[in-house]
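Take a look at the structure below.
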């Protein structure tokens, strides 16, 4: 069984190492040895410890179409040339293992169609939450169940930052700098802190959980750059913690079953400290799944890094190699449900709103009227401070996001409200069924 | 695709319900409808809501050998007639989905051999930790990795009891009675509280994790009936919590890699409150896996119950049905490693020992000498109380269990030790590699 590797960076070099070090185990598990046929890189002159120079080539196109290659591993990342190379590989009868979340979230449909057309395998466990076995359970173990909601911490960088803000009282910039100095955050942290990375993973998770096509562009996305120390303190006061959540929800219709559509979104939100996700610290990832019969499940582990991601790649590689040995590809993605992705305004959630208010009679009445006007019902109001320092903390019941944000707009226009100091969604309750 | 069901109890009736309610989804995921061909039960006269009486039969043997049956689901449990029926089914070309942990742990080898011989699938996700997708990740996702250790809370009844003892300060008998009144424990709780259930699951997990044959009889087993309120209080004093753990460990040899053997054991032990398993409350299950490349992973969810177990059965059923459609069975268990299961005495662990001692000079010297005699090194000693109430708490470094238990025997013989009040193993640290 001959394997071509596209890319030899942090993940790729770990894949090479594991293929060498675990060669005997892998051969026993597959039933035949796995041999590296070639490694395509952009800069062949860069020294790579443990990599046989004779295998290195810059001709990725030539490598993926070679007759003696059975399986292609793609760990280049990005849209092109990764997409073209993977399509070429499948067209010439090869199966593909990839860690490419950006491509799968942007144009997974093209890849899945090619896999189906050419009878190739396309496995991508490593694309979401690194080594945590998550896609296979969703795709296979829960295939006989009905998933209601997926709630995930799928970005280690932002979890590290928010955890520092929570545990050490750091501000966002300070926590970001620390994450950068420890190598948890890139010099340009945009993809992480603005939620792009999490949104791509949310699209992949939603597609698998709901058997419905979802792309990154469908995902409502808010990052964590606006999260303040005051927000984090407010969460603590509510016995909650702020996490950047990727949320994929089936929205029930009035008559039940398959529902009106799906809601897929990424934003910082408060979750109760008693929620299993609340105890996910540092750069760890975890995904909480609520299913009809299985109930609540959680998958926890390292979400990134060369070795964990390579572990996921190798798990897929063994599965694909066994399928090649057996002569039958594994299950192809089924997106038969074709549920619409609902706009954020129709998503039902809860708000925590912290207001600086003037110290005069009738403030609460004016505030309450604003909620009533948009038919948002209040779960709790708490007054904090007195006189010049008077503050109101309001937590709503569940309501459509459009109504909740209209309330916030209305509150900003009230004379008695000096400032809307903090607004944050509250998540992590049982899905109403 | 026609399916025969053996057994229609708590799990079986949920399987029937899900096959009916999710028929459309299941057909879409498999590519063809799944039809129930028959249900074998012992007492056909018992009314079963939602079950077509025309499908019910007492002739299980006839059902599993029928030509028009493709897949057999076994949820009878126990050794016989389950084993004979599953073997007959495979012999006549059917694939099997089972939740039978007792049989797999006692005689899995016979079943796996039959699956291999007849080219049948044998899937059993539901046998360990209910709906938590755990076996498939171990079997498939981590197949390219190297598992060092599996540490699991795999019995909900005992976790509920220990959680009550920890959080409400209840004694064992009181907590057991509460668990019984809530339906978490059976009237005869032996299988749970004596660790038999957990030991069967440990055998299955060890076999998968280490590709080596392990049966329930190989598992060192201690239950929780001896766990006292004093043990639980002692754990709290150590910032630990007592959990009934199923532990499967690869024991490294001096030269590294595959190791001297495996250690598989079930006993109550202290784990640090910061360990992800420590926060697993009530009757939940969770399994913590440490692998070479993937790092630390945890799988959490409901470990028992009709619906969660049925969800796991249906996940397997869809996988098997897809294999039948594709004409190729899935991967068969590989136990190529054939590592020996080491005796408990050779297992390396740590002890927490709580002693009532006399109030005289030289007590500590006598106690320390006993540890030194067996080459057990002490990590910490703490003296509690004074005079007649003098107590010593000793925590050891890692040492072979035989040496640790020899120390305890020796301490019992000392004049200055009035009583060995509590002995408990301490687990949950990083595996030394």
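Protein chains in written order, with UniProt numbering: chain A, 1 to 433; chain B, 1 to 433. Backbone N, C-alpha and C define an ideal beta-carbon position, used for all residues, glycine too.
DSSP lists no bridge partner for residue 189(B). Considering only beta carbons, no part of the stretch 86 to 107 of chain A lies closer than 9 angstroms to chain B. Secondary structure of residue 98(A) (DSSP, three-state): strand.
Interface residue (Cβ-Cβ distance to chain B less than 8 angstroms): residue 23(A) is not classified as such. Nearest Cα to residue 65(A) within the set 79(A), 53(A) and 84(A): 84(A).
By the Cβ neighbour-count rule, residue 22(B) is buried, with 16 or more other Cβ atoms within 10 Å of its own.
Sequence-distant partners of residue 426(A) (beyond 5 residues in either direction) whose C-beta falls short of 6 angstroms from its own C-beta, in its chain, are 270, 350 and 352. Taking C-beta separations shorter than 8 angstroms and ignoring five residues to either side along the sequence, the partners of residue 1(B) in its chain run 30, 32, 33, 34, 35, 70, 71, 321, 324 and 325, following chain order.
Taking a 10 Å sphere around the C-beta of residue 146(B), we find 16 or more other C-beta atoms and assign the residue as buried. Annotation: Cβ neighbours of residue 328(A) in chain B (cutoff 9 angstroms, chain order): 323, 326, 327 and 328. Within the model, the alpha-carbon separation for residue 114(A) versus residue 82(A) is close to 14 angstroms.
With 16 or more other Cβ atoms inside 10 Å of its own Cβ, residue 164(A) counts as buried. Interface with chain B (8 angstroms Cβ-Cβ cutoff): residue 163(A) is excluded. In the DSSP annotation of this structure, the continuous segment of the beta strand (DSSP E) that includes residue 296(A) starts and ends at 295 to 302. Straight across, the Cα-Cα distance linking residue 209(A) with residue 150(A) is about 8 angstroms. Rounded to whole angstroms, the gap between the alpha carbons of residue 7(B) and residue 169(B) is 40 angstroms. Leaving aside the five residues that flank residue 410(B) on each side, the residues in its chain whose CB is nearer than 6 angstroms to its CB run, in chain order, 370. Neighbours of residue 137(B) in chain A, taken as residues at a C-beta separation under 7 angstroms, are given in chain order as 133, 136 and 137.
Here residue 111(A) is buried: its Cβ has 16 or more other Cβ atoms, across all protein chains shown, within 10 Å.
Residue 261(B) and residue 342(B) have their C-alpha atoms spaced approximately 6 angstroms apart.
For a cut-off of 8 angstroms, the C-beta gap from residue 417(A) to residue 357(A) is around 6 angstroms, short enough to register as a contact. Between the alpha carbons of residue 172(B) and residue 162(B) lies a distance of about 8 angstroms. Residue pairing by DSSP places residue 249(A) opposite 149(A) and 263(A) in a beta bridge. Distance check between residue 291(A) and each of 159(B), 308(B) and 12(B) places 308(B) closest, using alpha-carbon atoms only. DSSP places residue 237(B) in the uninterrupted alpha helix (DSSP H) bounded by 229 to 237.
With the criterion set as a beta carbon lying under 9 angstroms from some beta carbon of chain B, the members of the stretch 283 to 302 of chain A are 284, 286, 288, 289, 291, 292, 293, 294, 295, 296, 297, 298, 299, 300, 301 and 302, in sequence order.
In this chain, the alpha helix (DSSP H) harbouring residue 159(B) covers 156 to 167. If the five residues before and after residue 234(B) are omitted, its C-beta is found closer than 6 angstroms to the C-beta atoms of 354 and 422, all from its own chain and listed in chain order. A direct Cα-Cα distance of roughly 14 angstroms separates residue 107(A) from residue 98(A). Between the alpha carbons of residue 383(A) and residue 390(A) lies a gap of roughly 7 angstroms.
In terms of Cβ geometry, residue 96(B) and residue 15(B) do not form a close pair [threshold 8 angstroms]. With respect to the 8 angstroms criterion, residue 266(B) and residue 191(B) are not classified as neighbours on the basis of their beta carbons. The stretch 214 to 230 of chain A makes no contact with the stretch 133 to 145 of chain A, as fewer than three CB pairs between them are under 8 angstroms. Nearest in C-alpha terms to residue 159(A), of all of 214(A), 225(A) and 205(A), is 225(A). Under the Cβ criterion of 8 angstroms, residue 311(A) is counted among the residues facing chain B. For residue 228(A), same chain residues with a beta-carbon under 8 angstroms away, outside a window of 5 residues either side, are 171, 172 and 422 in chain order.
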